[in-house]
Amino acid sequence: MGRSTVHYADSDTNNILKKLHKKLRPAGTPVQRVEYIIELLLLRIFEVKLKQDPDFKQLRDLFKAPNDKLLFSALYTVGNERLLPALNERLFPFYASILSQARKVYKTNLGQKVQDQLVLIEEVFKNSNFTNNVKSGNLQEVLALIGEIDEDRLSKTDLLGDAIESALSETGGTKDMGLHRTPDHIRQFMVAMIAPTFDDSIFDPACGTAGFGFDSYGYVTEAIRRDGKWPGPKAHPELTAVFKQSGTGVPPVKSGAGVPPAKSRAGSPCHSLDARYAALKDCPPGKAHSALAMLDVQDSLEFDIARQYLMAYPVEELAKHDQLSTLRKIIESGARYPRVRLGDLLRTVSRRVSLQPDRLYRLVTVRLYGKGIDVRGEMLGGDLKGASRHEVKQGDLVFSKIDVRNGAFGIIPAELDSAIVTSEFPTFEVCAGKCPPELLLALLTSPQFYLPMSDQVSGASGRRRIDPDLFLNMTVPIPPADDRVPLLGRILELRGLDNRAKELQAEITGAADSIWEK
1 MGRSTVHYAD SDTNNILKKL HKKLRPAGTP VQRVEYIIEL LLLRIFEVKL KQDPDFKQLR
61 DLFKAPNDKL LFSALYTVGN ERLLPALNER LFPFYASILS QARKVYKTNL GQKVQDQLVL
121 IEEVFKNSNF TNNVKSGNLQ EVLALIGEID EDRLSKTDLL GDAIESALSE TGGTKDMGLH
181 RTPDHIRQFM VAMIAPTFDD SIFDPACGTA GFGFDSYGYV TEAIRRDGKW PGPKAHPELT
241 AVFKQSGTGV PPVKSGAGVP PAKSRAGSPC HSLDARYAAL KDCPPGKAHS ALAMLDVQDS
301 LEFDIARQYL MAYPVEELAK HDQLSTLRKI IESGARYPRV RLGDLLRTVS RRVSLQPDRL
361 YRLVTVRLYG KGIDVRGEML GGDLKGASRH EVKQGDLVFS KIDVRNGAFG IIPAELDSAI
421 VTSEFPTFEV CAGKCPPELL LALLTSPQFY LPMSDQVSGA SGRRRIDPDL FLNMTVPIPP
481 ADDRVPLLGR ILELRGLDNR AKELQAEITG AADSIWEK
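What the sequence shown shows, in my numbering, is residues 1 to 518, in sequence order.
Set out below in structure tokens:
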């Protein structure tokens, strides 16, 4: 099988990682060295994804000048004395907020793969800082070494996991970090000897980076798919040869492995999971309901099978089946409910009216944090600047361009019907059949919606506005019709309590004022 110190099928990468540890040895503890290497690797991996992965294509606009200096390759042009400041003061803070940065250039929702990658990057870089122990001269050599790693290796393997395992080997495992590692080829061979199935449970109390769990998952999925993805490019050549000799990609090392006798489960047909997967794999959408009903979506493996099926089918085919289409939208968003574009829930309205000099007009103000809409005052048309304004009607949704990032949304009440606003207050009619206005207002005035909008506004400080078209391209989670009724009822009940609380506060203030009266 080879020596236990062999980590990779490709020795070039293994040698580069060893050199990286050697170069960074004076820079700090083993843990710090691992952090430095992973941070730099992640920067290069991300740049490779920008170049090669079509899912990351929209992100390329984020790195046009002047942000082109924020890519890993730009570090090659930075002088020795400026490398540490470039990383600590420019790159690391930028990547620590990469998710919000990405939303500036994405015209659609972030795909799950892209979002997962950006979340990982934010987590890694939110506390990143290269200390002065990392000497600039050494750092230039470190960057050159990382630049030598083949791009295909960067994009198609778990190189970050390799770096961690390499670190454990370089530091002596238990001696410096209190950790042991099992080389890939030995771990994969052990999994193949056990030959797990989807109906088996894994007990690994010292799982570390969960290598045995991931390899077990790869083994059982390979038994179904037969696509050669496991044990993959990191496998030891001798193990790969054994797999090829079996003719299936999975060696027959355990009698009866693959599809064991099914275990009964309440509410589920008596079939093993791989049989249920096979039943769904080639199933057309029209017959998928019964096959999906066999799966327990509370089980992560079974949910993943449903996800693979739904994501593999063309959207236009699933659109013919409402339940399947809704389930796909939920899976795409990673949320409890499917997300709907605001442009599909709102219709922009513009009722421009010419101001009459001797007519009295009511003016509208939208309060912050969803606290409603009030009359700002009344003025004669002749006292107002400009020749026209926009009329609003009862039930319209209105927001303030300047204060939208502070939750300045409201629904025009009956008493403000035919009031006027300026162009600073975009106005919309709500498609009530798709979402009741009060429910939509509750979603828009949630901090989960309006706080991220700080990244979407533009303009000079203090006068930063949001583009209404950009607003309409944003999405909100919309519950199905059956869930809307109780949710709306609860929202209206709480609004009533809030209004009563305001009335009581006014009474308290009035009572206190009376004490001060002379």
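C-beta: ideal position from N, C-alpha, C; glycine also.
Burial state of residue i (16 or more Cβ within 10 Å)
i, result
"Trp-230", "buried"
"Ala-481", "exposed"
"Phe-189", "buried"
"Val-476", "buried"
"Thr-131", "exposed"
"Pro-357", "exposed"
"Cys-435", "buried"
"Ala-501", "exposed"
"Asn-499", "exposed"
"Gln-117", "buried"
"Leu-338", "A small correction: the amino acid at residue 338 is Pro; Leu does not occupy that position in the sequence shown. Counting Cβ neighbours within 10 Å, Pro-338 comes out buried, since at least 16 surround it."
"Gly-381", "buried"
"Ile-508", "exposed"
"Arg-328", "buried"
"Ser-325", "buried"
"Phe-203", "exposed"
"Ala-360", "For clarity, residue 360 is Leu in the given sequence; the question names Ala instead. That one is exposed."
"Thr-526", "Beyond the ends of the chain as shown, which are 1 and 518, falls residue 526; an answer cannot be given."
"Glu-35", "buried"
"Val-114", "buried"
"Tyr-221", "For the record, residue 221 in the displayed sequence is Thr; it is not Tyr. Buried: at least 16 other Cβ atoms inside 10 Å."
"Val-119", "exposed"
"Val-485", "exposed"
"Cys-270", "At Cys-270, the pLDDT of 34 sits below 50, so the modelled position is not reliable; the number obtained from the coordinates is stated separately. That one is exposed."
"Ile-515", "exposed"
"Ala-102", "buried"
Beta-bridge pairing of residue i - partner residues as DSSP gives them
i, result
"Ile-508", "DSSP, once it has assigned bridges, lists no residue as partnering Ile-508."
"Ala-411", "Checking the displayed sequence, the identity of residue 411 turns out to be Ile instead of Ala. Paired residues: Leu-397."
Selection from the options that minimises the alpha carbon distance to residue i
i, options, result
"Arg-405", "Leu-360, Leu-451 and Ala-192", "Leu-451"
"Thr-197", "Arg-187, Gly-211 and Asp-215", "Asp-215"
"Tyr-106", "Asp-374, Phe-471 and Glu-438", "Phe-471"
"Glu-123", "Thr-326, Gly-111, Ile-38 and Val-134", "Ile-38"
"Gly-489", "Gly-211, Glu-438, Trp-516 and Ala-506", "Glu-438"
"Ile-373", "Gln-394, Lys-113 and Ala-306", "Gln-394"
"Arg-376", "Thr-422, Pro-205, Ile-146 and Glu-141", "Thr-422"
"Asp-152", "Ile-515, Arg-44 and Gln-505", "Arg-44"
"Asn-14", "Asp-469, Leu-492 and Ile-146", "Ile-146"
"Asp-467", "Arg-484, Ile-478 and Thr-427", "Thr-427"
"Leu-363", "Ile-412, Leu-327 and Val-340", "Ile-412"
"Ile-16", "Asp-513, Glu-141, Leu-497 and Phe-212", "Glu-141"
"Asp-184", "Ala-210, Asp-199, Ala-206 and Pro-205", "Ala-210"
"Ala-521", "Thr-365, Leu-487, Lys-329 and Arg-328", "Limits of the chain in this structure are 1 at one end and 518 at the other, which puts residue 521 out of reach."
"Gln-32", "Glu-378, Ala-506, Asn-127 and Ala-512", "Asn-127"
"Asp-396", "Leu-346, Phe-203 and Asp-150", "Leu-346"
"Pro-66", "Gly-218, Val-220, Pro-85 and Phe-94", "Phe-94"
"Leu-416", "Gly-111, Glu-378, Glu-81 and Ala-432", "Glu-378"
"Ala-340", "Leu-110, Asp-68, Ile-478 and Ala-144", "Reading off the sequence, residue 340 comes out as Val, not Ala. Checking every option, the nearest Cα to that of Val-340 belongs to Ile-478."
"Arg-367", "Phe-425, Pro-314, Asp-322 and Leu-310", "Phe-425"
"Phe-72", "Glu-81, Leu-42 and Lys-64", "Leu-42"
"Gln-112", "Gly-343, Arg-307 and Asp-322", "Arg-307"
"Lys-104", "Lys-64, Leu-310 and Leu-154", "Lys-64"
"Asn-473", "Ile-491, Leu-87 and Thr-348", "Thr-348"
"Leu-440", "Tyr-76, Ala-511 and Gly-370", "Gly-370"
"Asp-199", "Tyr-217, Arg-187, Met-193 and Ala-192", "Tyr-217"
| On the three-pair Cβ rule with 8 Å, is the region 380-400 touching the region 344-352? | yes
| request: For the region 59-76 and the region 87-102, state whether three or more C-beta atom pairs, one from each stretch, are separated by less than 8 Å. | output: yes
| Can you list the beta strand (DSSP E) stretches of 3 or more residues lying completely in the region 323-408, in chain order? | 339-341, 346-348, 352-354, 360-366, 373-380, 388-391 and 397-399
| Ranges of the beta strand (DSSP E) found wholly within the region 421-490, counting only runs of at least 3 | 427-430 and 475-477
| Are the region 377-386 and the region 399-417 touching, with three or more C-beta to C-beta distances below 8 Å? | no
| message | Check whether the region 313-329 and the region 284-294 are in contact - that is, three or more C-beta pairs closer than 8 Å. | response | yes
| message | Check whether the region 20-30 and the region 44-55 touch, using three or more Cβ-Cβ pairs below 8 Å as the test. | response | no
| said: Would the region 406-416 count as touching the region 428-445 if we require 3 or more Cβ pairs under 8 Å? | reply: yes
| request: Ignoring anything shorter than 4 residues or poking outside the region 17-71, list the alpha helix (DSSP H) runs there in chain order. | output: 30-52
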